[in-house]
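Visitor: First the structure, then my questions, so here it is.
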Amino acid sequence: MSIVDNIMDINWRRLTMRRRRPLSLQMVEMQVRMDCGGCERAVRNSLKIKGVDSVEIDLQQQKVTVMGYVDRNKVLKAVRRSGKKAEFWTYPYEPGTSYPLRSDYYKGDVNAYRESSYNYRKHGYTTGDRQGFAYNRPDDSAIGTLFSDDNPHACTIM
Numbered sequence: 003m004s005i006v007d008n009i010m011d012i013n014w015r016r017l018t019m020r021r022r023r024p025l026s027l028q029m030v031e032m033q034v035r036m037d038c039g040g041c042e043r044a045v046r047n048s049l050k051i052k053g054v055d056s057v058e059i060d061l062q063q064q065k066v067t068v069m070g071y072v073d074r075n076k077v078l079k080a081v082r083r084s085g086k087k088a089e090f091w092t093y094p095y096e097p098g099t100s101y102p103l104r105s106d107y108y109k110g111d112v113n114a115y116r117e118s119s120y121n122y123r124k125h126g127y128t129t130g131d132r133q134g135f136a137y138n139r140p141d142d143s144a145i146g147t148l149f150s151d152d153n154p155h156a157c158t159i160m
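Position one of the sequence shown corresponds to residue 3 (our numbering), numbered consecutively onward.
Shown next as structure tokens:
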């Protein structure tokens, strides 16, 4: 029985050592780029994590408010894992005012749809005139004057 008691005691210690201080109720506000209902659904599904009590999404302001006993960074990481650009809401809330996302993420209009392109100039590749070795292409008129008597550098065999 002493072996069983020792094993139970070791397992109990492991469980008590892993316990952390419970988190307090937090309200996490984030700015997330969302365009449609599908984006809203993806964000809402990504926030189905342990400790989240409620999720409020405002599409017009692109704002997500999460209430629950969770860590702020874990919530942000969960939203980013869904493929959305997200950051903590740092601006004071003013009704009727919407804030675009940071300009680091987007060039130009925030709400504009941008397709991916294979434009090599746009992505930093140069044109073909700078690639390879440069050489002068022979002129067609030079072939005609190669065997001419008027050309001092003409072929002397003929």
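Built from N, CA and C at the ideal position, the CB exists for glycine as well.
Just so it is clear, the structure is predicted and the values come from calculations on it, not from any experiment.
Rounded to a whole number of angstroms, what is the C-alpha to C-alpha distance between methionine 36 and valine 81?
Guide: Those two C-alpha atoms are separated by around 11 Å.
Visitor: How would you label serine 26, buried or exposed, when you count the other beta carbons within 10 angstroms and need 16 or more for buried?
Guide: Its Cβ having fewer than 16 others within 10 Å, serine 26 is exposed.
Visitor: Tell me the rounded alpha-carbon separation between asparagine 47 and valine 54.
Guide: When rounded, the distance between both Cα atoms is 12 Å.
Visitor: On a Cα-Cα basis, can you pick out the residue from Gln28, Gln33, Pro154 that is closest to phenylalanine 90?
Guide: When each option's Cα is compared against that of phenylalanine 90, the closest is Gln33.
Visitor: Which residue or residues does DSSP assign as beta-bridge partners of aspartate 60?
Guide: Lys65, per the DSSP bridge assignment.
Visitor: Given this structure, state the Cα-to-Cα distance separating lysine 50 from glutamine 62, to the nearest angstrom.
Guide: Cα to Cα, the separation comes out at about 22 Å.
Visitor: Is glutamine 28 closer than 8 Å to valine 72 when the C-beta atoms are compared?
Guide: Contact: yes.
Visitor: Just the C-alpha distance for glycine 70 and glycine 85, rounded to the nearest angstrom, thanks.
Guide: Roughly 22 Å between the two C-alpha positions.
Visitor: Taking the alpha-carbon of cysteine 38 as reference, which of Val30, Lys52, Ile59, Lys79 has the nearest alpha-carbon?
Guide: For cysteine 38, the nearest C-alpha among the options comes from Ile59.
Visitor: Which of the three DSSP states is assigned to valine 72 in this structure?
Guide: It is coil, neither helix nor strand.
Visitor: Just confirm the distance between the C-beta atoms of valine 77 and valine 30, as a whole number of angstroms; I'd bet it's less than 8 Å.
Guide: Indeed, because the Cβ distance is near 5 Å, the residues count as touching under 8 Å.
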